[in-house]
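Numbering (the working numbering), first residue to last: 3 to 803.
First up is the structure itself, then whatever we jot down about it.
Here it is as structure tokens:
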């Protein structure tokens, strides 16, 4: 019986190749979407699960509230870690980490290593899932370093490098140990962290190695560390978090003054997906992708149902003959459901091929490796998906066909009825409503990207004839001791119109510094600012817009008073309405006491997701880490080549790696670009699937009405009149889909745009473009079939059976 059913099914599919193709490709595309999204979602939810005791680890977060404004900060203070272990008995261990991109010198050759972590000795006690390959994972003593296997092979050409040494500098802090000044000793080699790991690093250095300033470990306003705690067995993260307000009240009240500090704890397994924290992935994105993927699959199922229902009239005689020969209603239902399931299984095979071919592209889009994993489990899951899809897509047509009465069928007195027609129209309406939502969503994402890329950032050359280029020297002492010499040599290069040295740059992140500014009433207004340490030329090279005062001069000598340049946000935070009023007022951050000499317009130092906060620029000779060159574009290549020669001469230990500020700013929007590409893919697939179904329905409708069309043509109807007759109903449905889909899409995308502090709107142009695409695609799809039917020879049509 089973073999007979399968044989009949395959014979029917082979006999109707066009129907098989339309249905098979549509289902395959829908399944491929669901599979790719499933891989992505599975990868996200399994993060950090390789740590055996990961359920006892919590990530500490901090919110700083100043004047009612809440600033969510994912880093915490250096002073906090030891206090957590000291004051809260539920804490078994604490680890603090910070990061840098240092230079390591091996055999006289410098290597820049991005993302190195500096960690407390308890790192591998808290995170137990990292695998040791050689030696021991020990960062308990100054000068200890653990490297990953890939870094070991990159630096030394082999994996077992225990006992080897590295030499170099990390930002302004010199790497050193008491026994071997300037040297790090490799104590262990570990396997590279799994891709599904929150902590990603090429090496871990003992934090005791850094000659860090005291304020990093003593100030309640120095947010410089990622902090994790490991709780004692049986202690919940919620119970631990409930004790944090008491710690803050006991330890930090005096230091915070009028401001408020709120600490939080997030379970490690949830940390990546806590959408309310900045910089995390968020469950909203997963739900969005998962929902859209399921809708794409549902569109494919709708296609199947529509086409199968349309073909029911063609297969009606087959049903009549089968019933006359004794076939029962249940047997016919099983037969037609079997056909749907076989079609679904064949589509699954094609979907797997599509997924395998698309994996490299998908990994690039989502920014993380994707893998099928255990083949056996996937085969079971995929077979289940295929069966469910087949049943969903084939249920209605199967029951419709099995219900036909053989007498009516064989007499030719049959139809799918008003219900069948209404269902087809409803399904087409659903398809295009979803398509409108996806297209409008994609258009909104790219509109926001365009807004972020074209909006004035508040800094940078005002003419396209110049570009800003940075050269990072990582605070190397050899360069830091002669910054002026290097700067003068770079300024002398033809094509370079300005050079400044600073600790960081816009789009590079600025440290949050605690301190205060003299308020209008003469008191000190305690506040935190993003502190940008530079030389005296920063504002001119970056073309900051002065509102009042002048640029700060370099503070030279231990007793020299420093000069601050504030942005508008810092001005308002300090309580001033006029930029002139704050000039000459005292200010001090990180212990650098001085006066305010100028105010500049707010400028973006982070992505448009984050509101511009208080910022201060101060000219100090310490802490410089990079140069920024303003370069004319008329001979950019030659200018950069000459800069490379100067760099090789004056900074031979530092790799020459020029970076355009435009590229650094663009990297801030990579998440939105990926989101847009994925949504664009979904929208394109939705359009394609809807067109496949619409093409099949139009072909079927044309075939069913061919004699009517022939009669109309003989009686004088023009081709355009026939085309309008065959397309007007479909276009009316598409218009209704636009009316329904646009408000839904606007509500959803306005919610998405709310995540941006600076944003565009879902404008009329965006809506019009999405609507035009849908109408055009539908009109072309249906019009092609209508035109073929309208231009067919009516004599031959009327002669046909």
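Glycine included, each C-beta is placed from N, C-alpha and C at the ideal position.
Would you check if the segment 774–783 and the segment 624–632 touch, i.e. whether three or more CB-CB distances between them fall below 8 angstroms?
no
Where residue 211 falls: helix, strand or coil (DSSP):
helix
Inspect the CB distances between the segment 76–91 and the segment 103–119 and report whether three or more fall short of 8 angstroms.
no
Please report the distance separating the alpha-carbon of residue 124 from that of residue 28.
54 angstroms
Have a look at residue 221 and residue 156 and give me their C-alpha separation to the nearest angstrom.
38 angstroms
Taking just the CA atoms, how far does residue 82 sit from residue 210?
16 angstroms
So if DSSP puts residue 634 in a beta bridge, which residue, or which two residues, is it bridged to?
468
Taking only three categories from DSSP, how would you classify residue 201?
coil
How about residue 570 and residue 527: are their beta carbons less than 9 angstroms apart?
no
Note the first and the last residue of the continuous alpha helix (DSSP H) segment covering residue 575.
570–575
Return the CA-CA distance between residue 772 and residue 444, expressed in angstroms with no decimal places.
9 angstroms
Is the CB-CB distance between residue 204 and residue 131 below 9 angstroms?
no
Residue 416 - DSSP class collapsed to helix/strand/coil:
Its pLDDT being 49, under 50, residue 416 is placed unreliably by the model, and the measurement read from it follows with that caveat. If DSSP states are grouped into helix, strand and coil, residue 416 belongs with coil.
Could you give the C-beta distance for residue 121 and residue 153, rounded to a whole number, given that I count them as a contact under 8 angstroms?
Not confirmed; about 16 angstroms, so no contact.
Ordered along the chain, which non-local residues of its own chain (more than five positions away) have a Cβ less than 7 angstroms from that of residue 253?
85
Check the C-beta distance from residue 872 over to residue 145 and give it rounded, since I have them as a contact under 8 angstroms.
Absent from the model: residue 872. The displayed extent of the chain is 3 to 803, so no value can be given.
Please classify residue 786: is it buried, with 16 or more other beta-carbons within 10 angstroms of its beta-carbon, or exposed?
exposed
Taking the C-alpha atoms as reference points, what is the distance between residue 733 and residue 784?
9 angstroms
Whole angstroms are fine: how far does the CA of residue 679 sit from the CA of residue 240?
38 angstroms
Quick test of your reading: residue 297 and residue 56, contact by CB under 8 angstroms. State the CB separation rounded to the nearest angstrom.
Wrong, their Cβ atoms sit about 33 angstroms apart, outside the cutoff.
So, helix, strand or coil for residue 522, using DSSP?
coil
Check residue 74 in the structure and name its three-state DSSP category.
strand
Beta strand (DSSP E) segments (min. 3 residues) lying fully within the segment 38–74:
59–68
With 16 other CB atoms within 10 Å as the buried threshold, where does residue 764 fall?
buried
Euclidean distance between Cα positions of residue 291 and residue 727
39 angstroms
Look at the Cβ atom of residue 751, then the Cβ atom of residue 609, and state whether they are nearer than 9 angstroms.
no
Do you know how far the Cα of residue 775 is from the Cα of residue 430?
16 angstroms
Under a three-way DSSP split, which group does residue 111 fall into?
strand
Residue environment, residue 293, which counts as buried when at least 16 other CB atoms sit within 10 Å
exposed
Measuring CA to CA, which of 76, 624, 427, 371 is closest to residue 39?
371
Apply the 10 Å Cβ neighbour rule to residue 260 and answer buried if 16 or more other Cβ atoms are within range, or exposed otherwise.
exposed
Reducing DSSP to helix, strand and coil, say where residue 133 ends up.
coil
Between which two residues does the beta strand (DSSP E) containing residue 588 stretch?
588–591
Between the alpha carbons of residue 183 and residue 558, how many angstroms are there, rounded?
Because the pLDDT at residue 183 is just 45, under 50, the model does not fix this residue reliably, and the point stays unresolved.
Quick check on residue 115: buried or exposed, where buried means 16 or more other Cβ atoms within 10 Å of its Cβ?
buried
Quick one: is residue 341 buried, meaning 16 or more other Cβ sit within 10 Å of its Cβ, or exposed?
buried
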